[in-house]
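The sequence shown begins at 0 in numbering that gives the first Met the number 0 and counts up by one.
Just below is one structure, and these are the notes that go with it.
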Amino acid sequence: MTGSAPAQLRPLRATDAPAVLAAFHAGTVGMADPAEVTDDASARAYVDGLVQAEGTDAVAVVERGTDTLIGLVAVVRDEAHGTGALTAWLHQGWRGDAIMSRAATTVADAELAEGGLERIELAHRADSPTAGAVARAAGLRHEGTQRGRLRTGGRRLDVHLYGRLAADPLPEERVRPLPWASDARPWADR
C-alpha cells in the first residue's frame, strides 16, 4: 500500500469496520484513543457510533477502485450555533501524499458551502504538527493555544485551536480537493 494511489470520499458505512480495525492496528499517531479500537467488536462499535450519531457527519476516505477505507474525516455538528468540530485520521500506510489535507479541505469546503455550517474548527495536541498542517491546508486559521488542556501519561499537554468561518477568504495556495465517489453526503438527509 502506498500513499500515491488515488483516493476519494463517501459517507462512512457499517461495512467499513474491518478497515478501521486494520488502520488502528497499523499505527495510531493522530488517531482517536487507540484503546477505542482493539478488536472486531470495538471496530464495529466505533463505526456504528459515528454512523448513527445524529449530529456527526462521518466521511470515509477510500482507495479509488477498491472502495477500501484508508482514512476518516468526521465533523461533529452543533446545530444551535452552526458550528462543527473536525477530526481526521489516515491509515499509516497512506501518509505522505497530502491525502488527509485534501480530504479535510474537501469536507470543510462542503460543510461550509452545502452542509449549512458557518464555522469549522479543529483542535489538536501541540505535539502533533501534522494535524496543524492539515488544518491550515483546509483553510483554518490558528486561533490560539489552550495551555495544559489535556492530561495523558501523567503530563499536561497544550492544544492548538484552528477555525474557519464560511466568510473567510480561502488561502492563496490550496491543495486539490479529493473527488466524491457519488452525490451522497452524510448531511443530505437533514
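For each residue, glycine too, the CB sits at the ideal point set by N, CA and C.
In this text, all values refer to a predicted model and were calculated from it rather than measured experimentally.
Asp188 counts as exposed, since fewer than 16 other beta carbons sit within 10 angstroms of its beta carbon.
Between Ala137 and Ser181, the gap from beta carbon to beta carbon reaches 9 Å or more. Under the three-state reduction of DSSP output, Gly162 falls in the strand class. Here DSSP, grouped into helix, strand and coil, assigns Trp93 to helix. Here the segment 109–129 makes contact with the segment 148–159; the two share three or more CB pairs at distances below 8 Å. Going by beta carbons, Glu117 and Ala84 fall outside the 9 Å limit.
Bridge pairing for Asp56: Val74 [DSSP].
For Leu177, the secondary structure class from DSSP, reduced to helix, strand or coil, is coil.
In the three-state reduction of the DSSP assignment, Ala137 falls in the coil class, being assigned neither a helical nor a strand state.
For Pro10, the enclosing beta strand (DSSP E) begins and ends at Ala6 to Pro10. Sequence-distant partners of Asp157 (beyond 5 residues in either direction) whose C-beta falls short of 7 Å from its own C-beta, in its chain, are Ala125, Thr144, Gln145, Arg146, Gly147 and Arg148.
Rounded to the nearest angstrom, the gap between the Cα atoms of Leu11 and Gln51 is 10 Å.
CA-to-CA, the gap between Ala21 and His80 works out to about 36 Å. Within the same chain, Tyr161, Gly162, Arg163 and Asp167 come within 8 Å of Arg140 by CB-CB distance, once the 5 residues on both sides are set aside.
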